[in-house]
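Just below is one structure, and these are the notes that go with it.
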Ligand code: DHB
Ligand code: FE
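Residue numbers (the numbering used here): 31 to 310.
Written as structure tokens, this is what we have:
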């Protein structure tokens, strides 16, 4: 059967992708961040799953605000890196896994998660930056990818608890796939940040640290947070962190924290990464 082996949470700050694409990672501003990513990359090099479910959000790139689904599964053979205004990032095509994606989709819908299904998606920094975080600049991404797009930008968004339950249902769906596949799952976005409005620039290391601590030892605590808690404590775009709950819900109750890195600021964002491995 297929099995989920590990999860990662990571911010998806677009500037990080731009720094890599434009050869600026050694500059003083970026050097501490990329130094902190070295253990992330070392771990990923040794733990490449057959397929990675990347829980991410589209930033009104592939979707317009007129038509925004709460949860969307990407079932295509491949996903094109999107043009977000500066031309598409020069990163490899993202290769899908339609068989597993359709299996998970069917299983989720039969279990009352009414997923939207995307036969094509242009994937923006929300998905390509996490791939760059994990794998640096390869010619080909070493894992197949199932994009799972969550609406975090248009009200009303799904609750943090619903996201966690979706993760639990994804795990059951993966484990009912007959083929032996190793599967990773990433929750992306966050951590605290707000890009516009009166509180633009808000960062909250205490909140972010408590959220990461809870991911390890008390994931239910992160499901009791409300949208208002996220907005108040972590800024409007901090709500992207609900996608980390999908990742955590798909893991065992007990996990090993392999690595954690936190750095402030990256662009307008608190950067956080955490790798969690299932224990038996
Ligand atoms: C930034 C962060 C984001 O999550 C995003 O989607 C866009 C910009 C930033 O900090 O610059
Ligand atoms: Fe974002």
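Just so it is clear, CB atoms sit at the ideal spot from N, CA and C, and this is done for glycine as well. Since this is a predicted model, take the numbers as computed values, not measurements.
For the putative contact between residue i and residue j, defined by C-beta atoms under 8 angstroms, what is the C-beta separation to the nearest angstrom?
i, j, result
"residue 42", "residue 159", "4 angstroms"
"residue 215", "residue 83", "5 angstroms"
"residue 141", "residue 199", "5 angstroms"
"residue 176", "residue 81", "6 angstroms"
"residue 105", "residue 128", "5 angstroms"
"residue 164", "residue 74", "4 angstroms"
"residue 182", "residue 273", "7 angstroms"
"residue 187", "residue 95", "About 13 angstroms; that fails the 8 angstroms criterion."
Helix, strand or coil for residue i per DSSP?
i, result
"residue 68", "helix"
"residue 268", "helix"
"residue 205", "helix"
"residue 109", "strand"
"residue 274", "helix"
"residue 194", "helix"
"residue 151", "coil"
"residue 118", "strand"
"residue 102", "strand"
"residue 301", "strand"
"residue 45", "helix"
"residue 256", "coil"
"residue 50", "helix"
"residue 165", "helix"
"residue 183", "coil"
"residue 199", "helix"
"residue 306", "strand"
"residue 146", "strand"
Does the Cβ-Cβ distance between residue i and residue j come in under 7 angstroms?
i, j, result
"residue 203", "residue 138", "yes"
"residue 218", "residue 86", "yes"
"residue 305", "residue 38", "yes"
"residue 197", "residue 280", "yes"
"residue 174", "residue 125", "yes"
"residue 241", "residue 66", "no"
"residue 99", "residue 151", "no"
"residue 34", "residue 201", "yes"
"residue 170", "residue 249", "no"
"residue 264", "residue 308", "no"
"residue 289", "residue 69", "yes"
"residue 298", "residue 223", "yes"
"residue 300", "residue 238", "yes"
"residue 267", "residue 225", "yes"
"residue 101", "residue 180", "yes"
"residue 244", "residue 190", "no"
"residue 155", "residue 45", "no"
"residue 63", "residue 293", "yes"
"residue 145", "residue 220", "no"
Along the beta strand (DSSP E) that carries residue i, what are the first and last residues, could you check?
i, result
"residue 291", "285-296"
"residue 78", "Element bounds for residue 78: n/a, residue is neither H nor E."
"residue 177", "174-180"
"residue 212", "212-218"
"residue 134", "Unbroken run through residue 134 is the alpha helix (DSSP H), 128-140; no beta strand (DSSP E)."
"residue 38", "33-40"
Along the alpha helix (DSSP H) that carries residue i, what are the first and last residues, could you check?
i, result
"residue 240", "235-247"
Any heavy atom of the ligand GTP closer than 6 angstroms to the Cβ of residue i?
i, result
"residue 153", "Here the bound small molecules are the ligand DHB and the ligand FE; the ligand GTP is not part of this structure."
* Asked: If you measure from each residue's Cβ to the nearest non-hydrogen atom of the ligand DHB, which ones come out under 7 angstroms, in chain order?
  -> 41, 42, 43, 44, 45, 89, 155, 156, 219, 223, 225, 267, 270, 296, 297, 298 and 299
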